[in-house]
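Student: Residue numbers (this note's numbering): 649 to 795.
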Ligand code: SF4
Ligand SMILES: [Zn+2]
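1) Is there at least one non-hydrogen atom of ligand 2 closer than 7 Å to the beta-carbon of residue 711?
2) So residue 685 and residue 726 are supposed to be a Cβ contact under 8 Å. How far apart are they, rounded?
3) Among 698, 673, 676, whose alpha-carbon lies nearest the alpha-carbon of residue 760?
4) DSSP state of residue 732, grouped into three classes?
5) Only counting the same chain, and skipping five residues up and downstream in sequence, which positions put a Cβ closer than 6 Å to that of residue 722?
6) Check residue 767 in the structure and name its three-state DSSP category.
7) Is the beta carbon of residue 735 within less than 7 Å of some heavy atom of ligand 1?
8) The alpha helix (DSSP H) that contains residue 702, what's its start and end?
9) To the nearest angstrom, report how far apart residue 738 and residue 682 are at their CA atoms.
10) So, under 8 Å CB-CB, residue 758 and residue 695 are touching, yes? Tell me the CB distance rounded to an integer number of Å.
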């Protein structure tokens, strides 16, 4: 590596670190994506719980076998989702990585639990709304990919 390149690299890293309070811009980006992924799993899991309790009459906070299967499936999809950085709702996704059967099931869950989320988990519901609005704003500025 030449001396000039070393100096330039050092300057770039300093600029990045100053933007992220000790973390590089890339580290912050990856951490934000993982945080969003965790929150999405938590939100979908909570919605499945609301649905299972209301429709399948299970004890609050527990899941029947079918809902457990759906939650595990949704977790795996979220884990592998390539659009985590920019996505809003899976229903707005052009890829639809869910199988037809699971897509139908999760739609039922969303329809039932969506309006109830604000009362049961207001923080998660508001967090989800915030992400949606932020992404819509970005999309309007023309910096968005899918959803
Ligand atoms: S449906 Fe689209 S946004 Fe949702 S997990 Fe699959 S690829 Fe990601
Ligand atoms: Zn259930």
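Virtual Cβ for every residue (Gly too), placed ideally from N, Cα, C.
The structure presented is a predicted model; accordingly, all values stated were derived computationally and were not measured.
Tutor: So, to answer that:
1) A heavy atom of ligand 2 is found nearer than 7 Å to the CB of residue 711.
2) Here residue 685 really is in contact with residue 726; their C-beta atoms are around 6 Å apart, less than 8 Å.
3) A check of alpha carbon separations from residue 760 across 698, 673, 676 identifies 698 as the nearest.
4) Residue 732 falls in the coil class under three-state DSSP.
5) So the qualifying residues of the chain are 692.
6) If DSSP states are grouped into helix, strand and coil, residue 767 belongs with the helices.
7) If you check the C-beta of residue 735 against ligand 1, you find a heavy atom less than 7 Å away.
8) Going by DSSP, residue 702 is part of the alpha helix (DSSP H) stretching over 673-703.
9) Taking the straight line from one Cα to the other gives about 17 Å.
10) Yes, they are in contact, since the Cβ atoms of residue 758 and residue 695 sit about 7 Å apart, within 8 Å.
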